[in-house]
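Right, one structure below, let's go through it.
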Amino acid sequence: MKIHLCLTGIKTIILDCNNISQYSVFLINSALMNRRDIMSAVNPDQYSYPSVFIYGHRATGKSHVVLSIMKDLELPHASVDCVECVSSGLLFHQVLSAFFGPDAAALLPRCPSLSDFVRLYKQMSSNSPATQTRYIILDRAERMRDMDFSLLPALLRLQELVNDNVTVILLSEIVWEKFRPNTGCFEPLLFHFPDYSKGKSLVQILSWDHHPSYTPELYASYINILLGVFFSVCRDLRELRHLAVLNFSKFCEPLEKGEAKESDIHKLWKNIEPHLQRAMQTVYLREVSSVQWEQQQMDEKEATTLRVLSAHAHIELPYYSKFLLIAAYLASFNPARTDRRFFLKSHGKIRKTNFLKKHEKTSNHLLGPKPFPLDRLMAIFYSVVDSRVAPTASIFSQISSLVTLQLLSQVGHDDQLDSPKYKCSVSLDFILAISRCVCVCVRLLDLLALSLVIQSQVVRQERSLFTAVSNLHLL
Amino acid sequence: MCVSVYVLCVCLCVFLHCVCVCVCVCVSVCVCVCVCVCVCVFRHLLELLRRTAVHGESNSVLIVGPRGSGKTMLLGCVLRELMSLKEAQKNVLLVELNGLLQTDDKIALKEITRQLHLENVVGDKVFGSFAENLAFLLEALKKGDKSSSRPVLFVLDEFDLFAHHKNQTLLYNLLDVSQSAQTPVAVLGLTCRLDVLELLEKRVKSRFSHRQIHLFSSLSFAQYLDVVRAQLSLPPDFPDPKFSDEWNHSVTKLCEDKTVEEILRRNFNGSKDFRSLHSLLFLAVSRVSVSHSTLREADLIEAWRLISVDSKANVLHGLSILELCLIIAMKHLNDTYDGEPFNFQMVHNEFKKFIQRKSHSIHKFEKPVVMKAFEHLLQLELVRPVDSGVCKVQREYQLMRLMLEHGQVMEALQKYPQCPTDVKQWALSAFG
């Protein structure tokens, strides 16, 4: 039964929810009144509010609920994803072809402007006037801010511009305050889709994927274990579903092998928990693909390390390039004043003063690498490398290769041939990985240890630092 | 075509601010906007346009007012009234342009040519280049004079956007025509910027008649309440008179209720325009259903709560605990360094300090996992890079700012579901 309330301005129809799909009913019931509010904003037989803005986190069901309302009530709608619309002409084309057919869209000129779109829309709608409200649904609407500046304000008041019964629904992750143009615009109705709560909604939704050959209780306990590991890091429903599906076979392994029963939750937990921790470092970060992850589970070799995407394992550098990179790291993160102390064989008195100035204590490892000239790099390189090296072109060309590999970056202008400046772009972990590959003597490790000490800004280790330095120069 | 400024009339409009009558609404648009406009303004504008239409006098006028104050509504009513006059109906040509749609002089010119049905239009297509079209249009307008040509009304919506076109050629030419003894032309601009005259070039400004109509609403709260009551009541021609009587009665009682009045007063203090009132009333009325078929004060309270909620607080509610800790770390950095921009390394450092010293419930996460959480915050635009251009700086060292305030973070922390106590304590402690 519909209540038809006719007020002197605001007309609303209250629709009944009986014929909406089950998933939408769940979403509508489990969340707050907000989704029912959207139903009431949907006004097929009269003019509804010209624009509606729906915001909420990823995977909270915004697109799903809106599209299922449209489909179940069979409303004329055009659903456009703004990420696909690199130019506004694509948006216009999609809207016109959804409402009036592809012939109408073909009438658009080559690079249609908003003016052409509105004119054509007016023409088409006068030929086929709307018996019901037409809806334009713009997904990921934050991309519209980067298109023409007048597109967003014009779409918000499209009803007034084309003089037709049309409503624009914007869906986005980002709040409305970041959309508002400078001189203002027509304010849309705002709706918020709240995130799922852990206990009630999230576990329930994730449990719908349960495998038919196992009981739902087992799957629910698996989901609880998974959420125990991942919930504090990520609440995105899609990610959690993906992780759940990937790791379930590993979870069920003891059951299949007969080592445990379904009620031995503790044993199952002990089996799966380290696996999930490893998943957090690899699959969650997309360091390995899901296919590789599944294969690795099938191989059952726990000890093999996965080939990850990050640079660590992959890059094979020539021998001297590794030393050059280590020298570059030391040059970037140690201030130039300390070079004399660390790298010269004899440097005079060691004074027991704070060798780090106050401002340098925070800045060294927090602000990032500092640029250094080429000469300084070569000087440190010669003191770091363990054999006598002649300054040939092959050494210098390795520096340019490092720049091309983006392990070093050049600072300053390209045509500064005289004294180019560089910066080290890799992290300490990478340097440590490299220096482990190279058979590095104790001396180099000490240098790196010094660098680490500087990083941790611990002043009380100065005494041991000075002993380390003096030992160094006795070698 | 005297360029005199109607000082008297403008002053009258500005200083009198007399509010009255609902100039009501075009039938085709069902969302009814109730506009309170000076009757003298209406009469003034109508008279101006009538002089152009009937007597062939060229005019230009700007209607200035904040968003939602009724400029388009006013113009619509005046034009309808004008077209009901017999002499005007036969003669007048109307050209409607909008600054949002016609973003360029070229497009605007094509639109004018199309709407005037000049000879270089076949069907829908306008032939010729921009220069040819402009020359053709000016020729067509120049040939006429007071007695023998049809008056043209140019309506320019979002007038301030036309001032951003290159060289302001369109504005210059239109206003030039309105100043010389050619075809009688009336140029009407509508804009929301009060400083619109400063946007015009000197030569354009001198051709403008400096006639401005300001629409400011000076509603008192009692009148506002009357408007609310009128909006919510059902019209007398409603098909079920018994229901309509009950409804109107309940609405009258509701408007006398103290809490409702308080809510309406807060909305009124926020903004006097009717669009915000409509969104509030819309949310309230949409809670009416089969089970309870009258409007209650609980509906209005809930609608007010939805409208006045901080949307960023809603976003913070859905973050994971790691992301929340990063935000608290950033807040501490802001407090310590007085709002200086920070980078990911610094945030990670603060977070590590918390994990090592104070935390029991949150265990150590690897740096890439923390980086992924940080990037999620970047995507939600809760954190923004200081210079948004492409930088040759590594991601971890790029300087950022937090787009939340101290108060917002603390409030979000109170509402966060199942927040661990050590995290809350960390947030409340003074310097991390």
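Same order as they appear, the protein sequences are chains R and A. Letter 387 of the first sequence, counting from 1, is numbered 387 in UniProt numbering, and no numbers are missing. Letter 359 of the second sequence, counting from 1, is numbered 359 in UniProt numbering, and no numbers are missing. Beta carbons: idealized from backbone N, C-alpha and C, even for Gly.
How is residue i classed by DSSP in three states: helix, strand or coil?
i, result
"Gln-102 of chain A", "coil"
"Phe-351 of chain A", "helix"
"Glu-259 of chain R", "coil"
"Val-27 of chain A", "With a pLDDT of only 25 at Val-27 of chain A, under the threshold of 50, the placement of this residue in the model should not be trusted; the figure read from the coordinates follows. DSSP places Val-27 of chain A in coil when its eight states are reduced to three."
"Asp-422 of chain A", "helix"
"Leu-402 of chain A", "strand"
"Cys-424 of chain R", "strand"
"Ala-390 of chain R", "coil"
"Asn-267 of chain A", "helix"
"Ala-163 of chain A", "coil"
"Val-121 of chain A", "strand"
"Val-7 of chain A", "With a pLDDT of 33 at Val-7 of chain A, under the threshold of 50, the modelled position of this residue cannot be trusted; read the value that follows with caution. Correct three-state label for Val-7 of chain A: helix."
"Asp-157 of chain A", "strand"
"Thr-52 of chain A", "helix"
"Gly-56 of chain R", "strand"
"Phe-26 of chain R", "In this predicted model, Phe-26 of chain R has a pLDDT of only 42, less than 50, meaning its place in the structure is not dependable enough to derive any value."
Could you work out which residues of chain A lie near residue i, taking near to mean beta carbons separated by less than 7 angstroms?
i, result
"Arg-235 of chain R", "Gly-318 and Ser-320"
"Tyr-49 of chain R", "Phe-282"
"Ser-197 of chain R", "Pro-417"
"Leu-246 of chain R", "The contacting residues do not exist; Leu-246 of chain R stays about 17 angstroms from chain A at best."
"His-275 of chain R", "Residues of chain A passing the Cβ test: none, with the nearest at roughly 16 angstroms."
"Gly-184 of chain R", "Arg-67 and Cys-192"
"Val-118 of chain R", "Leu-101"
"Ser-409 of chain R", "Lys-392"
Sort the options by Cα distance to residue i and report the nearest one.
i, options, result
"Ser-149 of chain A", "A:Asp-422, A:Arg-296, A:Thr-336 and A:Thr-52", "A:Thr-52"
"Ile-136 of chain R", "R:Leu-255, R:Gly-412 and R:Phe-99", "R:Phe-99"
"Lys-331 of chain A", "A:Ala-412, A:Gly-76, A:Ser-276 and A:Leu-380", "A:Ala-412"
"Ala-163 of chain A", "A:Leu-79, A:Ala-108 and A:Val-185", "A:Ala-108"
"Asp-422 of chain A", "A:Leu-264, A:Ile-321 and A:Ala-230", "A:Ile-321"
"Pro-417 of chain A", "R:Leu-155, R:Lys-200, R:Phe-186 and R:Ser-115", "R:Lys-200"
"Leu-377 of chain R", "R:Ser-197, R:Tyr-422, R:Arg-58 and R:Gln-94", "R:Tyr-422"
"Ser-97 of chain R", "R:Lys-257, R:Ala-78 and R:Gln-398", "R:Ala-78"
"Phe-343 of chain R", "R:Leu-90, R:Gln-292 and R:Ser-383", "R:Ser-383"
"Ile-187 of chain A", "A:Leu-225, A:Asp-310, A:Leu-97 and A:Lys-166", "For the record, residue 187 of chain A in the displayed sequence is Val; it is not Ile. When only C-alpha atoms are compared, the closest one is A:Leu-97."
"Glu-381 of chain A", "A:Arg-401, A:Phe-136, A:Leu-141 and A:Gln-89", "A:Arg-401"
"Cys-185 of chain R", "R:Leu-171, R:Leu-202 and R:Pro-153", "R:Pro-153"
"Phe-208 of chain A", "A:Ser-220, A:Ser-178, A:Ser-69 and A:Gly-407", "A:Ser-178"
"Asn-334 of chain R", "R:Leu-367, R:Ile-223, R:Gly-56 and R:Leu-156", "R:Leu-367"
"Asp-299 of chain A", "A:Glu-366, A:Tyr-337, A:Gln-414 and A:Cys-255", "A:Cys-255"
"residue 434 of chain A", "A:Phe-374, A:Val-122 and A:Gln-102", "The question about residue 434 of chain A has no answer, for chain A in this structure spans 1 to 432."
Residues of chain A with a CB under 8 angstroms from the CB of residue i: which are they?
i, result
"Glu-187 of chain R", "Arg-275, Ser-276 and Ser-279"
"Leu-285 of chain R", "Pro-368, Val-369 and Lys-372"
"Val-229 of chain R", "Those do not exist, as Val-229 of chain R stays about 10 angstroms from chain A at its closest Cβ, beyond 8 angstroms."
"Leu-114 of chain R", "Leu-100, Leu-101 and Thr-103"
"Ser-232 of chain R", "Ser-320, Ile-321, Leu-322 and Ile-362"
"Ser-425 of chain R", "Gln-394"
Residues of chain R with a CB under 9 angstroms from the CB of residue i: which are they?
i, result
"Met-83 of chain A", "Correct list: empty, because the minimum Cβ distance to chain R is about 16 angstroms."
Since residue i meets chain R, which of its residues come closer than 8 angstroms, beta carbon to beta carbon?
i, result
"Met-346 of chain A", "Leu-366"
"Ser-311 of chain A", "Tyr-55, Val-175, Trp-176, Glu-177, Leu-190 and His-192"
"Val-260 of chain A", "Within chain R, no residue comes near Val-260 of chain A; the closest Cβ sits about 16 angstroms away, beyond 8 angstroms."
To the nearest whole angstrom, what separates the beta carbons of residue i and residue j, a pair I think is in contact under 8 angstroms?
i, j, result
"Val-175 of chain R", "Val-315 of chain A", "6 angstroms"
"Ser-332 of chain R", "Pro-369 of chain R", "4 angstroms"
"Val-267 of chain A", "Leu-280 of chain A", "Note that residue 267 of chain A corresponds to Asn in the displayed sequence, not to Val. So it is a contact: roughly 6 angstroms between Cβ atoms."
"Lys-71 of chain A", "Leu-190 of chain A", "5 angstroms"
"Lys-122 of chain R", "Asn-163 of chain R", "7 angstroms"
"Val-66 of chain R", "Leu-171 of chain R", "7 angstroms"
Residues of chain R with CB closer than 7 angstroms to the CB of residue i, please, in chain order.
i, result
"Pro-236 of chain A", "The premise fails here: Pro-236 of chain A is roughly 10 angstroms from chain R at the closest Cβ pair, so nothing lies under 7 angstroms."
"Val-423 of chain A", "Within 7 angstroms Cβ-Cβ: nothing; Val-423 of chain A doesn't reach chain R, min ~10 angstroms."
Can you pull the chain A residues whose beta carbon is under 9 angstroms from the beta carbon of residue i, in chain order?
i, result
"Ala-281 of chain R", "Per the sequence shown, the amino acid found at residue 281 of chain R is Gln instead of Ala. Result: Glu-366, Pro-368 and Val-369."
"Ser-201 of chain R", "What Ser-201 of chain R touches in chain A: nothing, since even the nearest Cβ is about 12 angstroms away."
Given the structure, does residue i come close to the ligand HEM, in the sense that its CB is under 6 angstroms from one of the ligand's heavy atoms?
i, result
"Ser-320 of chain A", "What this structure holds is no ligand at all, so the ligand HEM is not there to describe."
Residues in the stretch 149-178 of chain R with C-beta within 9 angstroms of chain A's C-beta atoms, listed in sequence order?
-> Phe-149, Ser-150, Leu-151, Pro-153, Ala-154, Arg-157, Gln-159, Glu-160, Leu-161, Asn-163, Asn-165, Glu-173, Ile-174, Val-175, Trp-176, Glu-177 and Lys-178
Residues in the stretch 342-370 of chain A with C-beta within 8 angstroms of chain R's C-beta atoms, listed in sequence order?
-> Per Cβ criterion, the list reads Asn-343, Gln-345, Met-346, Asn-349, Ile-362, Phe-365, Glu-366, Pro-368 and Val-369.
Which residues, taken in chain order from the stretch 99-129 of chain A, show a beta carbon closer than 7 angstroms to some beta carbon of chain R?
-> Leu-100, Leu-101, Gln-102, Thr-103, Ile-107 and Glu-111
Which residues, in order along the stretch 374-397 of chain A, keep a beta-carbon less than 9 angstroms from a beta-carbon of chain R?
-> Taken in chain order, the members of the stretch 374-397 of chain A whose beta-carbon sits within less than 9 angstroms of a beta-carbon on chain R are His-376, Gln-379, Leu-380, Glu-381, Lys-392, Val-393, Gln-394, Glu-396 and Tyr-397.
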